[in-house]
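**Student:** Take a look at the following structure, please.
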Amino acid sequence: MTDWSKCLSPETCCQRYSVVSGRTIAHWTTWSQTGNLYQKGFCQKKASSGGFFYLEKAYDTSWRYGILKNLFVLDFRGRLPIFILNFLKDRHFKVKTENTFSSSYHKKNGVPQGSILFLMLFNLKINNIINSVSKHVNASIFVDDFAIYAEGKHLQHLERIIQLCINNVQKWVSDNGFRFSALKTICVHFHRQRIYTEPALHVDGQLIPVKGEATFLGVILDHKLSFANHVKYLKNKCLKVLNLLRVVGHTDWGADRATLLKLYRTLVWSKLDYGSVVYGSAKKHVLRALDPIHHQGLCIALVAFRTSPIKSLYAEAAEPSLEHWRIKLPFNYVLKLKSLPRNPCHDVVFEAPLSDFSADSNSEPNLVASTFEHIKNAKINLKTIYNLHVQCPPPLGGAQD
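Position one of the sequence shown corresponds to residue 1 (the numbering used here), numbered consecutively onward.
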């Protein structure tokens, strides 16, 4: 059997799961690749430019012959390619409006969405887009969300290498039947300068709009990486959920404490947890805006008074503060990442010199540098962590002795 991860490039983070915990680490990996490189550029007093692309109707326009060709290049022989060929061909669809069906139409391209194989086949096809990226440009891709970014001190040089990379990527996209969405493709120039010039980048002959922020995998990346807009958006999103908890936790007919705590952890805490490995590097006064959300949620779940001491709420609910939780998450992630040397983010965190992530006097410490500092204070020797090598699944006939 073939290890699926060997068929994909390190930049392709597509629903890979950690054997240690069973939860997906693809988002964490993509955030780490993107956010760390931007923050490293700030620490080195460099500017960075990133292009965020979205493939329009990516699943429906996947080239079937290209998928089979990629299987052949990966030395897939025998009955498996024939099975996938029969799986993809002779697909028809109808459109339903109320109780009326349209005529049947033949689907020439695309992968059948909702099936078990559709995501694997799509990732197998989109994986080759990384081969068109220049060596001086970094890239991250998660399913159909694609981003390229580079850093440098001179804007003209930075603009040139990114434009050459965009031209190569656009050629690959056109040759393989895909198309970038003109409305969702944007460019963000990450810098901390008061006077600056925006880069002029083009894709398919159209000027890419330069904006002050971009949303990548649910995290708002502003041009200064202050994450103030993301924290504001996250706070407003959680406040709406707290109103729901107030209704569910009615004192007369509402749910009990255990149910409210489960709802809080599921509906509110999960939102605060999502992306904290990236926005956790924001200024402390920015992150403090989320503390009232945590405290209000615990008050509602515990049916406590608003004047209750905060530490008492933590002890009663057995929940840590957001500050300690944001320290614990990257702490555990770095330790897990150390045991997975084949993870795409392993080299980004461990192979790069720690001085690259050292912050200057005008900025907060980078999340990588601060996490390594916490590991050092905990007196944990990273060399003693065992490298976990993911084993291939046994054959269909069962495990062999």
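Think of the CB as a built atom: it goes at the ideal place given N, C-alpha and C, for glycine as much as any other residue.
Contact between the region 116 to 134 and the region 168 to 176 is defined here as three or more beta-carbon pairs at a separation below 8 Å; is this criterion met?
**Tutor:** Look at the beta carbons and you see the region 116 to 134 touching the region 168 to 176: at least three pairs across the two are nearer than 8 Å.
**Student:** So the candidates are S49, G297, E56; which of them puts its Cα closest to the Cα of A200?
**Tutor:** S49
**Student:** What residue ranges within the region 140 to 219 form continuous alpha helix (DSSP H) runs of no fewer than 4 residues, ordered along the chain?
**Tutor:** The region 140 to 219 is shown to contain whole alpha helix (DSSP H) runs of 4 or more residues at 155 to 175, in chain order.
**Student:** Who are the Cβ neighbours of L382 in its own chain at under 6 Å, not counting the five residues just before and after it?
**Tutor:** K338
**Student:** Less than 8 Å between the CB atoms is what I'm expecting for C238 and L272, so what's the real figure, rounded?
**Tutor:** 7 Å
**Student:** Taking three-plus beta-carbon pairs below 8 Å as touching, is the region 227 to 242 in contact with the region 290 to 300?
**Tutor:** Contact between the region 227 to 242 and the region 290 to 300 is present, because at least three Cβ pairs lie under 8 Å.
**Student:** Excluding the 5 residues flanking A47 on each side, which residues of the same chain have their C-beta closer than 6 Å to its C-beta?
**Tutor:** Taken in chain order, the residues that qualify are H191.
**Student:** Within this structure, are the beta carbons of A301 and R342 separated by less than 9 Å?
**Tutor:** no
**Student:** Would you list, in sequence order, the uninterrupted beta strand (DSSP E) runs of no fewer than 3 residues that lie entirely inside the region 50 to 81?
**Tutor:** none
**Student:** Please state whether DSSP places H294 in a helix, a strand or coil.
**Tutor:** The answer is helix: DSSP assigns H294 an H, G or I state.
**Student:** Y196: which of K153, L234, K311 sits nearest, CA to CA?
**Tutor:** K153
**Student:** Exposed or buried, which one is H312 when buried takes at least 16 other CB atoms within 10 Å?
**Tutor:** The sequence as given places Ser at residue 312; His does not occur at that position. That one is exposed.
**Student:** Whose CA, out of L290, D90, H250, V210, lies closest to the CA of F53?
**Tutor:** V210
**Student:** Name the DSSP bridge partner or partners of A47?
**Tutor:** G152
**Student:** May I ask which residues mark the beginning and end of the beta strand (DSSP E) holding K107?
**Tutor:** 105 to 107
**Student:** Using 8 Å for Cβ pairs, my map puts L124 next to N86. What's the rounded Cβ distance?
**Tutor:** Rounded, the Cβ-Cβ distance is 17 Å, inconsistent with contact.
**Student:** Just grab the DSSP bridge partners of R91 for me.
**Tutor:** K107
**Student:** Any contact between the region 260 to 279 and the region 211 to 231? By contact I mean 3 or more CB pairs, one from each, below 8 Å.
**Tutor:** yes
**Student:** DSSP puts K96 in a beta bridge; with which residues?
**Tutor:** F101
**Student:** Start and end of the alpha helix (DSSP H) containing H250?
**Tutor:** Premise fails: H250 is in no alpha helix (DSSP H) and is neither H nor E.
**Student:** Can you have a look at D145 and say buried or exposed, based on whether 16 or more other CB atoms are within 10 angstroms of its CB?
**Tutor:** buried
**Student:** Quick one: what's N138 bridged to in DSSP?
**Tutor:** Y149
**Student:** Select from L225, Y59, L183, E319 the residue whose C-alpha is nearest the C-alpha of W269.
**Tutor:** E319
**Student:** Taking just the CA atoms, how far does P81 sit from L68?
**Tutor:** 7 Å
**Student:** When the Cα atoms are used, what is the spatial distance from L88 to T266?
**Tutor:** 38 Å
**Student:** For D256, which of helix, strand or coil comes out of DSSP?
**Tutor:** coil
**Student:** Roughly how many whole angstroms lie between the Cα atoms of A26 and D252?
**Tutor:** Low confidence applies to A26: its pLDDT is 46, below 50, so where it sits in the model is not reliable, and the reading given next is rough at best. Going from the Cα of A26 to the Cα of D252 covers about 43 Å.
**Student:** Check L382 in the structure and name its three-state DSSP category.
**Tutor:** helix
**Student:** Compute the Euclidean distance between the alpha carbons of T384 and F350, then round it to the nearest angstrom.
**Tutor:** 15 Å
**Student:** What's the gap between the Cα of T185 and the Cα of R179?
**Tutor:** 11 Å
**Student:** Quick one: what's got a C-beta closer than 8 Å to Y386's C-beta in the same chain, skipping five residues either side?
**Tutor:** Excluding its 5 nearest sequence neighbours in each direction, Y386 has C-beta neighbours in its own chain below 8 Å: S339, listed in chain order.
**Student:** How close, in whole Å, do the beta carbons of F122 and V111 come, if the pair is a contact with beta carbons under 8 Å?
**Tutor:** F122 to V111, Cβ: 5 Å. Contact.
**Student:** State the Cα-Cα distance for the pair K283 and L322, rounded to the nearest angstrom.
**Tutor:** Each residue's alpha carbon lies about 14 Å from the other.
**Student:** Could you check the C-alpha separation between D204 and A182 for me, to the nearest Å?
**Tutor:** 9 Å
**Student:** Would S103 and K96 be called neighbours here (beta carbons separated by less than 9 Å)?
**Tutor:** no
**Student:** Is it true that the CB of V248 sits closer than 9 Å to the CB of L279?
**Tutor:** For the sequence presented, residue 279 should be read as Tyr rather than Leu. In this structure, V248 does not lie closer than 9 Å to Y279 by Cβ.
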